[in-house]
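For the sequence shown, the positions run 374 to 684 when this note's numbering is used.
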Amino acid sequence: MKSGSIGTDTDHAIEVLRNGGVIGFPTETVYGLAADASNSVAVNRIFDIKGRPRNHPLIVHLPSLVEARLWSADWSTSAEILAALFWPGPLTVIVAKALTVNHEVTGGLETIALRVPNHAVALEVLRGLECGVAAPSANKFGKVSPTTAEHVLNDLGSEVDYILDGGPCSIGLESTIVDCSANIIQILRPGGISRELVSQLVPVAEQMTGPSRAPGMLDSHYAPTCRLTVVADVNEAQALLATQAVTQQVRIIDGSSDPTLFATQMYSQLRQCDDDGIDQAIVVLPSPNGIGTAIRDRLLKAAHGAQTQSH
């Protein structure tokens, strides 16, 4: 099989990973750019392919909670409570790293981000490989995340050794990241598990108490090429549309009517705007609760990134 080819052969994907390769890797959240987390050379290829700063930690995906505990020197009670309920699923916990974990994966930090994905194909690979897989989103750094194998091919092409097709992502947004490494538990990134659900199980800080490094935390991220404007409701979107020059190709996207469904389609819709040559996308934000919090986080950062690109 040639580099950048799409297929459904999990045995081949496992072989590529064992040999130090990098693959497009399906999960329920977004497609990952995956490599054996214990192979420093392979992990460094992830950073090179994405153009990702090396001080940005990667999430290590594992087949089970039992395996995840082995990657931590101090598996906290809060991590155990959350993982026991939400794994496999769209939750990443940050805990103290084990001494054997290489610094490339953690971005030089003493903590590590761990997750067990809720995706049959991903779990088949992880169980067959019998080791952790480091896998940030399979796109260029700061750009729109991929939710299909075709997105990975379009973004990265022959830079990856294989793209394992596991179908469209069922959630479509990155995992919730919860820092369980200290006494004060913090949600560093909203995602598929809401703050409301997490806070029912463990006490969560209202605001972050200090600087922290985790995937997707830059002000500018998830950005399409077109200009992106976010508004509070459809009426505001229509009013803004009326002010645009007739020469501008403008598209309104309503993310407020069904946030759960919109989450599965959001990145694809932003990509479609670029494919269609749209000059500006106007997106109606959902309410700030449940999955809506994560959608708002992504769209506000995407709007900031798209604005930065246009300057």
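Where a beta carbon is used, it is the ideal one built from N, C-alpha and C, also for glycine.
Predicted model, so just to flag it, every value in this text is computed and none were measured.
Contact between G650 and P659 does not hold, since their C-beta atoms are separated by about 27 Å, which reaches or exceeds 8 Å. Here DSSP, grouped into helix, strand and coil, assigns D409 to strand. If you check the CB distance, H434 and F398 come in under 9 Å. Counting of Cβ neighbours within 10 angstroms places Q559 among the buried residues, the total reaching 16 or more. Distances from the alpha-carbon of T620 to those of C599, D652 and E609 put D652 closest. As DSSP reads the structure, V604 sits in a beta bridge with V657. L561 and P436 have their alpha carbons spaced roughly 23 Å apart. Taking the Cα positions, L614 is about 14 Å away from A605. Where D447 is concerned, there is no enclosing alpha helix (DSSP H), although the beta strand (DSSP E) around it starts and stops at S445 to D447.
The beta carbon of D538 sits closer than 6 Å to the beta carbons of I379, T381 and A522 from its chain, once the five residues preceding and following it are set aside; these are given in chain order. For the pair D447 and L601, the Cα-to-Cα distance works out to about 42 Å. With a threshold of 16 other beta carbon atoms within 10 Å, E401 meets it and is buried.
The shortest C-alpha to C-alpha distance from G394 to any of K674, G564, S531 and R624 is the one to S531. Under the 8 Å Cβ criterion, the stretch 539-546 counts as touching the stretch 634-642, having at least three qualifying pairs. When C-alpha distances from G405 are compared across I419, A415, N412 and S413, the shortest belongs to I419. Collapsing the DSSP output to three states places L634 in a helix. Among the bridge pairs identified by DSSP, R488 is matched with H434.
DSSP places I558 in the strand class (E or B) of the three-state scheme. The residue among G424, V416 and I566 with its C-alpha nearest the C-alpha of L431 is V416. The continuous alpha helix (DSSP H) containing L570 extends over residues R568 to L574. Counting other Cβ atoms within 10 Å of its Cβ, E579 stays below 16 and is therefore classed as exposed.
The shortest CA-to-CA distance from F514 to any of A441, I396 and D421 is the one to D421. Using a Cβ-Cβ distance cut-off of 8 Å, the stretch 456-470 and the stretch 481-490 are in contact, since at least three pairs of beta carbons, one from each stretch, lie closer than that value. Checking the DSSP bridge columns, you'll see Y404 has no partner listed.
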